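Protein chains: 2
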Amino acid sequence: MPIEPRPYHHGDLRRALIDAALEAIARDGPATLSLRDLARRVGVSHAAPAHHFGDKTGLLTAIAAEGYRRMASDLTAVFERTGSFLEVGVAYVGFAVDHPAHFAVMFRPDLLRPTDPELLAANAESRASLYGPVEGLPLPPGADRRRAAVAGWSLVHGLATLYLDGNLPAELGADPRAIARDLAGFLFTRR
Amino acid sequence: MPIEPRPYHHGDLRRALIDAALEAIARDGPATLSLRDLARRVGVSHAAPAHHFGDKTGLLTAIAAEGYRRMASDLTAVFERTGSFLEVGVAYVGFAVDHPAHFAVMFRPDLLRPTDPELLAANAESRASLYGPVEGLPLPPGADRRRAAVAGWSLVHGLATLYLDGNLPAELGADPRAIARDLAGFLFTRR
DNA sequence: TCGAAGTCTTGGCGCTGTCAAGATACGCCG
DNA sequence: CGGCGTATCTTGACAGCGCCAAGACTTCGA
Numbered sequence: 001m002p003i004e005p006r007p008y009h010h011g012d013l014r015r016a017l018i019d020a021a022l023e024a025i026a027r028d029g030p031a032t033l034s035l036r037d038l039a040r041r042v043g044v045s046h047a048a049p050a051h052h053f054g055d056k057t058g059l060l061t062a063i064a065a066e067g068y069r070r071m072a073s074d075l076t077a078v079f080e081r082t083g084s085f086l087e088v089g090v091a092y093v094g095f096a097v098d099h100p101a102h103f104a105v106m107f108r109p110d111l112l113r114p115t116d117p118e119l120l121a122a123n124a125e126s127r128a129s130l131y132g133p134v135e136g137l138p139l140p141p142g143a144d145r146r147r148a149a150v151a152g153w154s155l156v157h158g159l160a161t162l163y164l165d166g167n168l169p170a171e172l173g174a175d176p177r178a179i180a181r182d183l184a185g186f187l188f189t190r191r
Numbered sequence: 001m002p003i004e005p006r007p008y009h010h011g012d013l014r015r016a017l018i019d020a021a022l023e024a025i026a027r028d029g030p031a032t033l034s035l036r037d038l039a040r041r042v043g044v045s046h047a048a049p050a051h052h053f054g055d056k057t058g059l060l061t062a063i064a065a066e067g068y069r070r071m072a073s074d075l076t077a078v079f080e081r082t083g084s085f086l087e088v089g090v091a092y093v094g095f096a097v098d099h100p101a102h103f104a105v106m107f108r109p110d111l112l113r114p115t116d117p118e119l120l121a122a123n124a125e126s127r128a129s130l131y132g133p134v135e136g137l138p139l140p141p142g143a144d145r146r147r148a149a150v151a152g153w154s155l156v157h158g159l160a161t162l163y164l165d166g167n168l169p170a171e172l173g174a175d176p177r178a179i180a181r182d183l184a185g186f187l188f189t190r191r
């Protein structure tokens, strides 16, 4: 079977486009992403992406949904292994660092099709993986459990975004997971 | 003196362009911002903005610098008035809510000219307004003061971004400042 | 085997940011 | 007060972009 240099059907163009997009977003951010450039890199015509994603928003929506699913799977795995809410927070930051392109798109509804059913389902999955582990957390009496969850979420989300955008002072060190473990220690200490 | 409908010189085109940009960013985000559209709204030719800002990055850089300056002034005023690190954090969220367009650009070095001297100076100002108030904060013995500052920063920064992007559950209420005051209560409670 | 559905290409439209060159108004220095 | 340098703005053009419509090719099922 000879090697076809460029067959008419790509094989898995959808996957190839997502991967090329992830690489471009990780390098330059989602703002300058170009569908035509992706098509060129993958070796198809400039209008091929439209068939799989409709438009640019559709591509980014697919990426965000994939990110939510992977994050949910990571976080639940960590909680099942450690039983620790703190380690779930650390894993949140770890996901952001390991999958910066997914993370850069996931919380940006202005770039997405917010009503996409696949996106909504994946989003719900990831929310559950965050809100679930807070159930067993020891808290000061009278503390609202949901607010405690959002406090933890805010801290790790803020840390992840500040880190990814290069806004953290260098003195904190180079290991974001260690920083997260450290900072989260300031939360939920009994009065 | 008759009213000139469109004099050759605008008067304060720089200010007018920034204001139009702030409005557009607050509405649609920085991704879809169009210099030509701004020029049309303000009533000048499509190439006029280039003279004041060089390019799109220059405009966003000017907006970010303005945001840093205003935030620094807000935060130091609040600290001088209340002496409370917690209230500085609340004011951080308040600034983000009151100036969403500035905030949307300030921490996005991919959209800015990171070496711009005006931007660097304004950034340093705002960092000082955040790191200063942590000096007098009562902490558990042995706690790193800088890390405590970053923990607080992460929490309010995460909360602000999650709120602005519409990612917070509605049950938390409609007043972001109140939410911030609430969530920050989980921080720095003595062991 | 043949047709329908899926996949990709070609061509074109209006929009964008940016550059180059020229027109106009302001302000300073004589 | 007059003229000129300079800052400000306009006009025109170019390549690249997202998206749409129409057509070519391939695969698969009836």
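Going down the list, the sequences are from chains A and B.
Going by my numbering, the first sequence opens with residue 1, and the numbers climb by one from there.
Going by my numbering, the second sequence opens with residue 1, and the numbers climb by one from there.
Ideal Cβ positions, reconstructed from N, Cα and C, are used throughout, including at glycine.
Quantities reported herein were computed from a predicted structural model and do not represent experimental measurements.
| Item | Value |
| --- | --- |
| Burial state of A121 (chain A), where buried means 16 or more other Cβ atoms lie within 10 Å | exposed |
| Short-range partners of chain A found in the stretch 81-108 of chain B, where Cβ spacing is below 8 angstroms | F107 and R108 |
| Neighbour flag for F188 (chain A) against chain B, beta carbons, 8 angstroms | yes |
| Neighbour-count burial assignment, P117 (chain A), 16 or more Cβ in a 10 Å radius | exposed |
| Backbone secondary structure at L139 (chain B) - three-state DSSP | coil |
| L155 (chain A) (DSSP reduced to helix, strand or coil) | helix |
| Contact with chain A by V218 (chain B), beta-carbon distance below 8 angstroms | The requested residue 218 (chain B) is not part of the displayed model; chain B covers only 1 to 191. |
| Minimum Cβ-Cβ distance from G54 (chain B) to chain A less than 8 angstroms | no |
| Burial state of R15 (chain A), where buried means 16 or more other Cβ atoms lie within 10 Å | exposed |
| Between the CA atoms of S154 (chain A) and L13 (chain A) - distance to the nearest angstrom | 37 angstroms |
| S45 (chain A), buried or exposed, once every other Cβ within 10 Å from all chains shown has been counted against 16 | exposed |
| Cβ neighbours of E4 (chain A) in the same chain (closer than 8 angstroms, five flanking residues each side left out) | Bear in mind that the predicted position of E4 (chain A) carries a pLDDT of just 40, short of 50, making it unreliable; the figure below should be weighed with that in mind. There are no such residues. |
| is_contact[E171 (chain A), chain B] using C-beta, thresh 8 angstroms | yes |
| Span of the alpha helix (DSSP H) around L35 (chain B) | L35 to V42 |
| CB-CB length for V93 (chain A) against A160 (chain A), believed under 8 angstroms | 5 angstroms |
| Under 8 angstroms by beta carbon: chain A residues contacting A31 (chain B) | P30, A31, D110 and L111 |
| Chain A contact residues for D165 (chain B), given Cβ-Cβ distances below 9 angstroms | F107, R108, P109 and D110 |
| For T82 (chain B), the first and last residue of its enclosing alpha helix (DSSP H) | K56 to T82 |
| Straight-line gap, R190 (chain B) to P100 (chain A) (C-alpha atoms, nearest Å) | Legend: pLDDT at R190 (chain B) = 45, less than 50; position of this residue unreliable, value from coordinates given subsequently. Roughly 35 angstroms separates the two Cα atoms. |
| Chain-ordered neighbours of T161 (chain B) on chain A, where CB pairs are closer than 8 angstroms | F107, H157, G158 and T161 |
| Contact set for S129 (chain A): own chain, Cβ-Cβ below 6 angstroms, skip 5 residues either direction | A72, L75 and T76 |
| As assigned by DSSP and simplified to three states, the class of L86 (chain A) | helix |
| Per DSSP, the bridge partner or partners of V187 (chain B) | Looking at the sequence shown, residue 187 (chain B) is not Val but Leu. According to DSSP, L187 (chain B) bridges with A:L187. |
| Residues of its chain near A148 (chain B), where Cβ-Cβ distance is below 8 angstroms and the 5 sequence neighbours each way are ignored | V134, L137, L139 and F188 |
| Three-state secondary structure (DSSP) of N123 (chain B) | helix |
| Residues near E171 (chain A) in its chain [Cβ-Cβ closer than 8 angstroms; skip 5 each side] | none |
| Pairwise C-alpha distance: A20 (chain A) and R113 (chain B) | 26 angstroms |
| Where P30 (chain A) sits in the DSSP three-state scheme | coil |
| Inter-residue Cα distance where the pair is M1 (chain A) and D37 (chain A) | The predicted position of M1 (chain A) is uncertain, since its pLDDT is 32 and thus under 50; no value can be drawn from it. |
| Minimum C-alpha distance to G132 (chain A) - residue among A:T115, A:G142 and A:G152 | A:G152 |
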